Amino acid sequence: MKSKLICLLFLFFSFANAQERDSLYAKKNKYNPEYRVNYFDKMIFQMEINSNSDNFYIQNLSYTKTRQKSLVPNNVLRLKLSFDYKFLGLNFSISPNFLQSNNDPRKGETKTLDFSFKFFYSDRLRQEVTYKEIKGFYLEDLKSSEPIRPLNDLQIKTIGGKTFYILNKNFSYRSFESMTERQIKSNGSFIPSISYYHNNLETNQPATKNIQLIRINSFDAYIQLGYMYNFILYKKWVTTVGVHPGIGLNKSISFFKNSSYQDYTKVSSTNVNYNVDANIAIGYNNKNFFGGLKSTYKNFDYNNKNSTEIKNEKTSFGIYAGYRFDENKRMKKGFEYIEKKFKI
């Protein structure tokens, strides 16, 4: 009897302490705690399996033929692992062989690596840094969607970032992305952002008599005005929808060469960048366990149809699950020092 009483008292004081901590954080950041509950005292591990497909379009692989080509990676599924704690998030994504079942020789083999580092400067100001590498594509016929030939050595590397601000202090972006919070009342927010990405494409093809593309260096900078909304369906079930249209500038330099000359032919272009992102998710979010389904779409287009900039269309559909573990004392001490030092 006495041991049961001690356990009940321990649970009561733990709950009261958590409530007080949430209330102090809400007061500091001026939001209503009836809309958001945080789990900053938890280390969050998450796994996702998704059909993340990056399709790229370039206007011409040769200097004389200006016909748009579709470059498609030959991977069916990707494995994404995430760790989130307090203001920090780390994501790592690969395409392991055991998740691939497409052995069509016309499509070749694709290897991917995707790493992102995400953190909050403050309660609503967020920064994302991303590095992505994809090697191995196949040419696809735009009309029939049939593979033409593999380009196993063609490689695209992307590095960049995104900075955005959540205008509504009662909206929980964390409940969609990092799971360090839970939205407990339906709410939405406008989210303005600025993004900046550098792409490097290397064909790594042997020189021929025809003047062919060997490399593209491109840089995109654009702004978006997005809107997201969290619908609380039933207690701990939530669905999130969002759309993020944007406009920006692209600077692209393409290099062409053939086997007869040592010098490159260089073509530069500056274009207006039109883009849109969209996302939808539905999930269950309990105190420790969470899981659900998530889908995203991203599209880039440009006003110049005759240049060789890289156009990217990205679709993803995935299933995710994760768990919130009690924080490590040493890690807690280190993170609290950073929070106090930089007033996060």
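Take the sequence shown: its letters are residues -18 to -1, 1 to 326, numbered as in mature numbering (1 follows the signal peptide of the UniProt record, and there is no 0). Using N, Cα and C, we set each Cβ at its ideal position, and we do this for glycine too. These figures come from a predicted structure and were not determined experimentally.
Contact belief for residue i with residue j at Cβ below 8 angstroms, rounded distance in angstroms
{"i": "F238", "j": "Q194", "result": "6 angstroms"}
{"i": "T221", "j": "M210", "result": "The Cβ separation is near 11 angstroms, so there is no contact."}
{"i": "K24", "j": "F307", "result": "6 angstroms"}
{"i": "G230", "j": "I196", "result": "Incorrect: roughly 26 angstroms between the Cβ atoms, too far for contact."}
{"i": "R60", "j": "S77", "result": "5 angstroms"}
{"i": "S33", "j": "F299", "result": "5 angstroms"}
{"i": "F272", "j": "G304", "result": "5 angstroms"}
{"i": "I292", "j": "I130", "result": "About 19 angstroms separates the two Cβ atoms, so there is no contact after all."}
{"i": "N37", "j": "E295", "result": "5 angstroms"}
{"i": "F22", "j": "T247", "result": "The Cβ separation is near 55 angstroms, so there is no contact."}
{"i": "R18", "j": "Q165", "result": "6 angstroms"}
{"i": "Q28", "j": "S64", "result": "4 angstroms"}
{"i": "L81", "j": "V58", "result": "7 angstroms"}
{"i": "S277", "j": "I262", "result": "5 angstroms"}
Residues of its chain near residue i, where Cβ-Cβ distance is below 7 angstroms and the 5 sequence neighbours each way are ignored
{"i": "G91", "result": "A quick correction: the sequence has Glu, not Gly, at residue 91. Only N56, G118 and N134 meet the Cβ criterion."}
{"i": "residue 340", "result": "Past the boundaries of the shown model lies residue 340; the chain is included only from -18 to 326, so the question cannot be answered."}
{"i": "T297", "result": "S35 and Y279"}
{"i": "N286", "result": "S251 and N253"}
{"i": "A(-3)", "result": "Low local confidence applies: a pLDDT of 43 at A(-3) is under 50, so the model's placement there is unreliable, with the coordinate-based value given in what follows. None."}
{"i": "L215", "result": "T221"}
{"i": "G274", "result": "A263, I264, G265, Y266 and Y302"}
{"i": "P132", "result": "R88, K89, G90 and Y120"}
{"i": "N270", "result": "Y305 and R306"}
{"i": "N20", "result": "D4, Y7, T162 and E163"}
{"i": "D123", "result": "I130"}
Identity of the residue in the options nearest residue i by Cα
{"i": "I26", "options": "N310, P129, K325 and N150", "result": "N310"}
{"i": "P15", "options": "K322, K151 and L207", "result": "K151"}
{"i": "S250", "options": "T185, I198 and I141", "result": "I198"}
{"i": "N73", "options": "V58, F99 and T94", "result": "F99"}
{"i": "F146", "options": "F172, S200 and K323", "result": "F172"}
{"i": "V225", "options": "E159, G265, L275 and L207", "result": "L207"}
{"i": "Y179", "options": "I235, L121, T112 and K167", "result": "T112"}
{"i": "K217", "options": "F158, S175, S234 and Y266", "result": "Y266"}
{"i": "N11", "options": "S175, D259, I148 and E184", "result": "I148"}
{"i": "Y120", "options": "M161, S52, S157 and S177", "result": "S52"}
{"i": "F213", "options": "I301, I264, N20 and K325", "result": "I264"}
{"i": "A203", "options": "K233, R312, P174 and W219", "result": "K233"}
{"i": "L183", "options": "W219, F80, I235 and S160", "result": "I235"}
{"i": "T185", "options": "K144, S157, Y103 and L136", "result": "L136"}
{"i": "A8", "options": "F153, R312 and S168", "result": "F153"}
{"i": "K323", "options": "Y103, E159, G170 and K167", "result": "Y103"}
{"i": "R101", "options": "W219, N79, K93 and D66", "result": "Reading off the sequence shown, one finds Phe at residue 101, where the question assumed Arg. Comparing Cα-Cα distances from F101 to each of W219, N79, K93 and D66, the minimum goes to D66."}
{"i": "S168", "options": "P174, S157 and S175", "result": "S157"}
{"i": "A260", "options": "D245, Y319 and G228", "result": "G228"}
{"i": "N255", "options": "Y284, E318, K325 and D245", "result": "Y284"}
{"i": "G170", "options": "L107, Y155 and E159", "result": "Y155"}
{"i": "N257", "options": "E128, S175, F97 and N79", "result": "S175"}
{"i": "D86", "options": "D245, E159, E128 and M313", "result": "E128"}
{"i": "K325", "options": "M313, L107 and R312", "result": "L107"}
Residues bridged to residue i (per DSSP)
{"i": "F272", "result": "N267 and G304"}
{"i": "R108", "result": "F102 and F146"}
{"i": "F324", "result": "Partner(s): none; F324 has no beta bridge."}
{"i": "R88", "result": "DSSP output for R88 lists no bridge partner at all."}
{"i": "T94", "result": "I116"}
{"i": "G316", "result": "For G316, which the question treats as bridged, DSSP gives no partner whatsoever."}
{"i": "R197", "result": "E184 and F237"}
{"i": "V58", "result": "Answer by DSSP bridge pairing: none, since V58 is not bridged."}
{"i": "N73", "result": "S64 and S98"}
{"i": "R18", "result": "Q165"}
{"i": "E295", "result": "N37 and N281"}
{"i": "N232", "result": "D202 and N253"}
{"i": "D259", "result": "H226 and K280"}
{"i": "Q28", "result": "S64 and G304"}
{"i": "Y211", "result": "G170 and V223"}
Residue i at chain C interface by Cβ criterion, 7 angstroms
{"i": "K114", "result": "The question asks about chain C, but that chain is absent: this structure has only one protein chain."}
Spatial neighbours of residue i in its chain, beta-carbon cut-off 6 angstroms, leaving aside the 5 residues before and after
{"i": "E115", "result": "L95 and K139"}
{"i": "I141", "result": "Y113 and H180"}
{"i": "S177", "result": "K144 and Y204"}
{"i": "D105", "result": "N11"}
{"i": "K62", "result": "E30 and S75"}
{"i": "F201", "result": "H180 and K233"}
{"i": "Y13", "result": "K151 and N152"}
Close beta carbons around residue i, own chain, < 8 angstroms, minus the five adjacent residues each side
{"i": "L6", "result": "none"}
{"i": "N268", "result": "K218"}
{"i": "E159", "result": "G71 and K100"}
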